[in-house]
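Chemist: Each residue of the sequence shown is one higher than the one before, counting from 1 in UniProt numbering. Glycine residues also receive a C-beta, built at the ideal position from the N, C-alpha and C atoms. Below you'll find the structure I mean.
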Amino acid sequence: MSSVQSGCLWVVATPIGHRDDFSARAIATLREVAVIAAEDTRHSKPLLLHHNIATPLIALHEHNEREVVEGIVRRLRGGESVALISDAGTPLISDPGFRLVRAARAAGVRCAPVPGACAAIAALSVAGLPSDRFVFEGFLPPKSAARRARLQELAGEPRTLIFYESSHRVAESLADMRSVFGDEREAVLARELTKLFETVIGEPLGQLAERVAGDPDQQRGECVLLVAGRGEEADAKLAEGQRVFAVLREELPPAKAAKLAAAITGAPRKELYRSE
Ligand code: SAM
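This is how it looks when you write it as structure tokens:
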């Protein structure tokens, strides 16, 4: 065993909006460590000042993580303790830090969480969708073709789906979700959680997509989209849709047959078309 006790890498969650969603232990840890590795030091300073945390900061973001990891691990092995924070919420969750934690653990350094806010979990806790099993998908691809392909892979997923989305793409993403998962699938938009304009809207996807497309206020701020997993009812509907599609297909081209079978049975047109 090494004669020098290595430091600890504390992975500390910060608020996702409300400044007081910051645990007493998180604040104490950030005051005590030798240095805080922060995603954007300028962004974190006001929050740290607000809580009287004067610890020096170093930047660790997606563009320099590879280069700075080695230096941080050296300091940890030298006995210093380091805290990792991101701009908001839990580091590593659609945020930098994975390389650092992996390297620290590989070097035998203790990594300890100081848990707190995470937008995905906060959204799930109020969405009213099944929460016993869920899938966190992070951000969808920004371009529509890749986004639809990803959604298509998830069309049969029975667990609740959780996505992060930027406000300027939320309407487009909902339109794609609607066309891939069908109008009837339950969905929730959780926007600006813990902030002044916090909004949580749960509706069938078709309705939610139309509401958001028609209301620029719903396309502002930070948002999490949640979609119910595919239930047994949906499976039955799809089976019926496929049966009707097969009958119509004998007389009609595939696009027309899929459109009519979807209108008759409520099954998602895209999936019928794909089953061809
Ligand atoms: N690490 C963070 C966490 O633990 O939630 C997530 C960081 S990720 C770069 C930022 C995304 O998280 C936003 O684009 C949005 O999708 C979601 N998000 C963050 N804060 C939010 C809030 N207050 N309300 C709704 N969504 C939020």
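1. Taking Val212 as the reference, which of Arg243, Pro91 and Met177 has the closest Cα?
2. In the DSSP assignment, the alpha helix (DSSP H) including Arg243 goes from what residue to what residue?
3. Please report the residue range of the beta strand (DSSP E) in which Arg191 lies.
4. Run the CB neighbour count on Asp132, radius 10 Å, all protein chains shown included, and call it buried at 16 or more, exposed below.
5. Is any non-hydrogen atom of the ligand SAH found closer than 7 Å to the C-beta of Val247, if you look at the structure I gave you?
6. Just confirm the distance between the C-beta atoms of Ala187 and Leu208, as a whole number of angstroms; I'd bet it's less than 8 Å.
7. Pick out the complete alpha helix (DSSP H) segments inside the segment 95-134, 4 residues or longer, and give them in chain order.
8. Taking all protein chains shown into account, decide if Val247 is buried (16 or more other Cβ within 10 angstroms of its Cβ) or exposed.
9. Apart from the five residues on each side of it in sequence, which residues of its chain come closer than 8 Å, Cβ to Cβ, to Gly128?
10. Val11 and Gly138 look like a contact to me (Cβ under 8 Å); what is the Cβ gap, rounded to whole Å?
11. Taking the alpha carbon of Arg25 as the reference point, which residue from Leu92, Glu39, Ala112 and Cys223 has its own alpha carbon closest?
12. Between the Cα of Arg159 and those of Lys256, Ile72 and Gly231, spot the shortest distance and give me the residue it belongs to.
13. Can you check the segment 1-62 for any beta strand (DSSP E) of at least 3 residues that lies completely inside it and give the ranges in chain order?
14. Have a look at Arg74, Asp20 and Ala145 and flag the residue whose alpha-carbon is nearest the alpha-carbon of Gly108.
15. Quick check on the burial criterion: 16 or more other C-beta atoms within 10 angstroms. Buried or exposed for Leu49?
16. Where Lys143 and Ala28 are concerned, what is the direct C-alpha to C-alpha distance, given to the nearest angstrom?
17. Taking 7 Å as the cut-off, is the C-beta of Ile16 nearer than that to any heavy atom in the ligand SAM?
18. So, under 8 Å CB-CB, Ala190 and Leu226 are touching, yes? Tell me the CB distance rounded to an integer number of Å.
19. Below 7 Å CB to CB, which residues in the same chain sit around Asp21 once its five sequence neighbours on both sides are set aside?
20. Considering only the alpha carbon of each residue, which of Glu39, Arg185, Leu140 and Thr199 lies closest to Glu172?
21. Suppose contacts are defined by Cβ-Cβ distances below 8 Å. Is Ala104 in contact with Leu9 by that definition?
22. Would Phe181 be called buried (16 or more neighbouring beta carbons within 10 Å of its own) or exposed?
23. Hey, how far is the Cα of Leu260 from the Cα of Gly156?
Modeler: Considering the structure as presented:
1. Met177
2. Glu232 to Arg249
3. Glu186 to Arg191
4. exposed
5. Summarising the ligand content, the structure contains the ligand SAM and does not contain the ligand SAH.
6. 5 Å
7. 98-106 and 119-127
8. exposed
9. Val188 and Gly202
10. Val11 to Gly138, Cβ: 18 Å. No contact.
11. Ala112
12. Gly231
13. 8-12, 35-38 and 57-59
14. Arg74
15. exposed
16. 42 Å
17. yes
18. 7 Å
19. Pro15, Gly116, Ala117 and Thr194
20. Leu140
21. yes
22. buried
23. 22 Å
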